[in-house]
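Quick note: the first sequence uses the working numbering, first residue 7, plus one each step.
Where is the CB? At the ideal position from N, CA and C, for every residue including glycine.
Quick caveat, the model's predicted, so the values are computed rather than measured.
The structure appears right after this line, and notes come after that.
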Amino acid sequence: MTLPQEIDLNGVRVYQGALDRYAQVSLLEDVRAILRAAPLVRHVTPSGKPMSVRMSAAGDFGWVTDRSGYRYQRHHPSGTPWPPIPASLLILWNKYSKSDRAPECCLVNWYAPDAKMGLHQDNDEADLAQPVLSISLGDDARFRVGGTERSDPTRSIWLSSGDIAVLGGAGRLAYHGVDKLRAGSSSLMPNGGRINLTLRVVT
DNA sequence: AAGTTGCA
DNA sequence: AAGC
């Protein structure tokens with residue numbers, strides 16, 4: 007990666023090379039601290055299918071799913087409150103989100119090398135005028151982005167460690183997902199895999 | 001192989 | 001169904 011570059015996919019803005027190696031290492035340490043307080047969980051969808059992506063969160067709310075459905079809640083499934091969102095992430099939110107509100111949730115999504123996430127919309131938040139900011143760490147991931155209807159055509163882009171994507175404006179309700187990882191493509195995590203951090207305003 | 005659609 |  008040379009200079010940071012901005013790409014638009016159906017209203018989703020992707021800033022390639024936004025974070026240098028030092029910032030990535032530092033964020034990874036922050037994530038490790040979150041996961042010590044709030045361990046990764048394998049959620050099931052409302053139909054009872056386990057997701058391949060393991061999840062945790064920081065902030066006032068975390069997103070969870072089980073047979074009762076999708077929702078934000080104030081506690082880890084173990085019953086403990088989520089740890090605070092690290093200051094490093096609040097700074098990135100201020101730099102990239104163009105929002106006048108503070109994020110209330112930082113989802114931590116862990117992708118093992120064979121994990122994926124199907125095409126979906128983020129629409130469990132109360133104020134859809136507020137953007138969602140996504141940070142990639144670790145292995146490259148093929149990120150697929152469609153339109154606001156499931157049947158809309160999709161395009162894909164490979165996200166690398168240190169890339170930032172913003173789902174805002176026209177892209178806020180774009181269908182999106184992760185098809186596959188390029189296992190072992192990043193030296194950030196020696197054992198492979200990917201971490202995606204998403205900052206959101208929930209209420 | 002990749003991109004859509006249908007499912008309950 | 002954020003899965004198959």
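Contact annotation: residue 205 and residue 139 have beta-carbon atoms nearer than 8 Å. Within the stretch 96-170, the runs of beta strand (DSSP E) that reach at least 3 residues and sit entirely inside it are, in chain order, 111-117, 123-126, 138-144, 146-151 and 161-165.
Closest in alpha carbon position to residue 34, among 130, 70 and 167, is 167.
Rounded to the nearest whole angstrom, the CA to CA distance from residue 123 to residue 178 is 17 Å. Within its own chain, the residues whose Cβ lies closer than 6 Å to the Cβ of residue 81, once the five positions on either side in sequence are excluded, are 87, listed in chain order. The stretch 106-113 makes no contact with the stretch 46-56: fewer than 3 CB pairs, one atom from each, lie closer than 8 Å.
When the five nearest sequence neighbours on each side are left out, the beta carbons in the same chain lying within less than 7 Å of the beta carbon of residue 131 are those of 206, 207 and 208, in order along the chain.
Between the stretch 66-80 and the stretch 93-101, the count of C-beta pairs closer than 8 Å stays below three; the two stretches do not touch.
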